[in-house]
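Read through the structure below, which is laid out as structure tokens, and then see the notes.
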Amino acid sequence: MGVAVTLPESEKTATAKHSGSGASAQEGAEAALQELSSYLADDMAACNRAIIERMDSPVALIPQLAAHLVAAGGKRLRPLLTLASARLCDYPVGPDHQRHVALAACVEFIHTATLLHDDVVDESQLRRGLASANAVFGNKASVLVGDFLFARSFQLMTDDGSLKVMAILSSASATIAEGEVLQMSTQNDLSTSVDQYLTVIHGKTAALFAAACRVGAVVAKRPEAEEEALEAFGTNLGMAFQLVDDALDYAADQAVLGKTVGDDFREGKITLPVLAAYAAGSEEDRRFWRRVIEESEQAPEDLDHALALIARTDAIGVTLDRAAVYARAACEALNIFPDSRLRRLLQDTASYTVSRAR
Numbered sequence: 001m002g003v004a005v006t007l008p009e010s011e012k013t014a015t016a017k018h019s020g021s022g023a024s025a026q027e028g029a030e031a032a033l034q035e036l037s038s039y040l041a042d043d044m045a046a047c048n049r050a051i052i053e054r055m056d057s058p059v060a061l062i063p064q065l066a067a068h069l070v071a072a073g074g075k076r077l078r079p080l081l082t083l084a085s086a087r088l089c090d091y092p093v094g095p096d097h098q099r100h101v102a103l104a105a106c107v108e109f110i111h112t113a114t115l116l117h118d119d120v121v122d123e124s125q126l127r128r129g130l131a132s133a134n135a136v137f138g139n140k141a142s143v144l145v146g147d148f149l150f151a152r153s154f155q156l157m158t159d160d161g162s163l164k165v166m167a168i169l170s171s172a173s174a175t176i177a178e179g180e181v182l183q184m185s186t187q188n189d190l191s192t193s194v195d196q197y198l199t200v201i202h203g204k205t206a207a208l209f210a211a212a213c214r215v216g217a218v219v220a221k222r223p224e225a226e227e228e229a230l231e232a233f234g235t236n237l238g239m240a241f242q243l244v245d246d247a248l249d250y251a252a253d254q255a256v257l258g259k260t261v262g263d264d265f266r267e268g269k270i271t272l273p274v275l276a277a278y279a280a281g282s283e284e285d286r287r288f289w290r291r292v293i294e295e296s297e298q299a300p301e302d303l304d305h306a307l308a309l310i311a312r313t314d315a316i317g318v319t320l321d322r323a324a325v326y327a328r329a330a331c332e333a334l335n336i337f338p339d340s341r342l343r344r345l346l347q348d349t350a351s352y353t354v355s356r357a358r
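All letters in the sequence shown, in the order written, are residues 1 to 358 by UniProt numbering.
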């Protein structure tokens, strides 16, 4: 799978075709994803059954922690992309054609395993607005159940029997780990370039989006060009999605974000809003950023000051404009496929991704 494309600054002014403002934009984003979920309701129900079945274990703590994760909800966007991609490629309907369902569950296990590990690394207390698994069950249990879910994902790959599928998903799993390690190495380092940041988010987020989409074309036995188009769609959607998430850490309330606002700030994570504010700020502003990010010397009032600097330099706007370019590229990648309701739903999902933070 390819690396994230570095976009020229001249493209930052592009906007998503459905961007809005305030609650209406957030509702539009939710509606687009809900419509896609409804269109694939039968497949998604089968995927959910597979997820619950494969989370079962005679070791009591595993299903207990798994139940906590299921209760926390989540949009299941990544498995939804596998299901949608397969259907877009005319994968047959019927009980004898369930490879896309099992692989969608596999994708969700990879994603959930990384979340469990990430929350331990980040010492997060909230996940989707509820107490994180590590906060409830402890770090050791979260890490070990994450390992269990990774193992389950590879069992599902093996059951599928396709070396090509295994190559795509195992490569994505390795890339995710590399992205997380790279993020750790850039933490608290304001000399991190925008290109390095984009490489991080490609690894930690976009790689799995890309793999989730590409395997849909593989199970449908479509030409390489269609596999590549879906991979490009997933990559660009994943880049836009993570850019918006990073913007939301400085622009959302806790109920919308699903975690404590300012977590990235407190952890010293290098994200585009911080890089943009640092680059556009005065020398006094930069001294502030160096103190709170590089030296990790933070006072209770520093988050409010950081938010003010983010707003004054329009760092959120810079981040969302770049996300909009990726969202547009995601939409364009699907133009290789004939016009259909499903293609439009996927394109709307990409377009509305950016409006979550508008």
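Where is the CB? At the ideal position from N, CA and C, for every residue including glycine. These numbers come from a predicted model, not from an experiment.
Name the DSSP beta bridge partners of Ala276, please?
BP columns for Ala276 are empty, so no partner.
Taking contact to mean at least 3 C-beta pairs separated by less than 8 Å, is the stretch 227-235 in contact with the stretch 197-215?
yes
Out of Val318, Ser153, Ile51, which has the shortest C-alpha to C-alpha gap to Ala251?
Val318
Separation of Ala86 from Val93, as counted between CA atoms:
10 Å
Tell me the residue span of the alpha helix (DSSP H) that contains Gly146.
139-160
Own chain residues within Cβ distance below 8 Å of Val165, not counting five before or after
Leu103, Met157, Val215, Val218, Val219
C-beta atoms of Ser132 and Asp147 nearer than 8 Å:
no
Can you tell me whether Leu190 is helix, strand or coil according to DSSP?
coil
For Gly209, the three-state DSSP class (helix, strand or coil):
It is Phe, not Gly, that sits at residue 209 in the sequence shown. Phe209: helix per DSSP, three-state reduction.
Measure the beta-carbon distance from Leu309 to Gly268 and round it to whole angstroms, keeping in mind my assumption that it falls under 8 Å.
That belief does not hold up - the Cβ atoms of Leu309 and Gly268 are roughly 16 Å apart, past 8 Å.
Please classify Pro273: is it buried, with 16 or more other beta-carbons within 10 angstroms of its beta-carbon, or exposed?
buried
Limits of the unbroken alpha helix (DSSP H) element including Thr349
341-353
Alpha carbon to alpha carbon, how far is Asp96 from Met184? Give it in angstroms, no decimals.
44 Å
Alpha carbon to alpha carbon, what distance is there between Phe109 and Arg328?
28 Å
With a threshold of 6 Å on Cβ separation, who are the neighbours of Val107 within its own chain once the five nearest residues in sequence on each side are excluded?
Arg78, Pro79, Thr82, Ala212
Rounded C-beta distance between Ala323 and Phe233? I'm assuming under 8 Å.
With a Cβ gap of about 15 Å, Ala323 and Phe233 do not count as contacting.
Look at the alpha carbon of Val70 and the alpha carbon of Glu284, and state the distance between them as a whole number of angstroms.
46 Å
Given a cut-off of 8 Å on the beta-carbon distance, is the pair Val145 and Gly179 in contact?
no
In chain order, what residues of the same chain have a beta carbon less than 7 Å from the beta carbon of Leu342, not counting five sequence neighbours either side?
Tyr39, Ala84, Arg87, Leu88
Considering only the alpha carbon of each residue, which of Leu65, Gln125, Asp159, Gln98 lies closest to Ala113?
Leu65
What is the rounded straight-line gap between the Cα of Phe265 and the Cα of Leu130?
20 Å
Leaving aside the five residues before and after Phe347 along the sequence, list all residues of the same chain whose C-beta is less than 8 Å from its C-beta, in chain order.
The question names Phe, but residue 347 is Gln in the sequence shown. Correct list, in chain order: Ala330, Cys331, Leu334.
So Ala207 packs on Ile176, CB below 8 Å; how close in whole Å?
6 Å
Following the continuous alpha helix (DSSP H) through Phe233, name the residue where it begins and the one where it ends.
224-248
Between which two residues does the alpha helix (DSSP H) harbouring Gly317 extend?
315-333
Classification of Val325 by the beta-carbon crowding that lies within 10 angstroms, buried from 16 upward:
buried
Our contact map puts Leu169 next to Gly203 with C-beta atoms below 8 Å; I'd like the distance itself, whole angstroms only.
Not confirmed; about 15 Å, so no contact.
So, Ala46 versus Val101, is the Cβ gap smaller than 8 Å?
yes
Tell me which residue opens and which closes the alpha helix (DSSP H) that His305 is part of.
302-312
Give me the Cβ distance between Val292 and Ala306, rounded to the nearest whole Å; I'm assuming they're in contact under 8 Å.
7 Å
So, helix, strand or coil for Ser296, using DSSP?
coil
Apply the 10 Å Cβ neighbour rule to Ser340 and answer buried if 16 or more other Cβ atoms are within range, or exposed otherwise.
exposed
What residue range does the alpha helix (DSSP H) around residue 359 cover?
A query on residue 359 cannot be resolved here, the shown segment of the chain reaching from 1 to 358 and no further.
Is the Cβ-Cβ distance between Gly238 and Leu303 less than 8 Å?
no
With a threshold of 16 other CB atoms inside 10 Å of the CB of Leu345, please say whether the residue is buried or exposed.
buried
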